[in-house]
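Novice:
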Amino acid sequence: MGRPDSVLERGEYLSRTREFAKRGQDLPHASLLDLEVIAIRQAQSQREDLRAFIREELSNDALAAKFKVHVRTIEKILSRETWSHLL
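Just so you know, my numbering puts 528 at position 78 of the sequence shown, and the rest follows in order with no gaps.
(1) Does the separation of the CB atoms of A514 and I524 fall below 7 Å?
(2) Excluding the 5 residues preceding and the 5 following A480 in the sequence, name in chain order all residues of the same chain whose CB lies nearer than 8 Å to its CB.
(3) What separation, rounded to the nearest whole angstrom, lies between the Cα atoms of E459 and R505?
(4) Are the beta-carbon atoms of V519 and D511 separated by less than 7 Å?
(5) How would you write the range of the alpha helix (DSSP H) that I524 sits in, first residue to last?
(6) Distance, Cα to Cα, E498 vs E486?
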């Protein structure tokens, strides 16, 4: 009786052990599910996009360019050194 084709030789199995090892949520002590890890990575991507938006659109430099004033003017407004009578 011959061995089935699906059985690996010992050497081949040993060279491919990483391929057969449990990883991620298949491990018994895993705290996260695969979908949760994907959500975490997507949140990181969203965070990076928000940081870029803030840097490009809402930074003091960006506001100064938008309103055609000097950056120091924006800084004084935000620290209430000027225009302090407004909210």
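Using N, Cα and C, we set each Cβ at its ideal position, and we do this for glycine too.
On a predicted model such as this, the values are computed, not experimentally measured, just so you know.
Specialist: Let me spell this out:
(1) Along the sequence shown, one-based indexing puts residue 514 at 64. Along the sequence shown, one-based indexing puts residue 524 at 74. In this structure, I524 lies closer than 7 Å to A514 by Cβ.
(2) The residue given as residue 480 occupies position 30 in the sequence shown. G474, listed in sequence order.
(3) Locating residue 459 in the sequence shown gives position 9, where the first residue counts as 1. Locating residue 505 in the sequence shown gives position 55, where the first residue counts as 1. The straight-line gap from Cα to Cα measures roughly 57 Å.
(4) Taking the sequence shown and counting its residues from 1, the one referred to as residue 519 is at position 69. Taking the sequence shown and counting its residues from 1, the one referred to as residue 511 is at position 61. No; because the gap between Cβ atoms is not below 7 Å, this pair is not in contact.
(5) Against the sequence shown, residue 524 aligns to sequence position 74. Unbroken alpha helix (DSSP H) run through I524: V521 to L528.
(6) One-based indexing of the sequence shown puts residue 498 at position 48. One-based indexing of the sequence shown puts residue 486 at position 36. So the two alpha carbons sit approximately 18 Å from each other.
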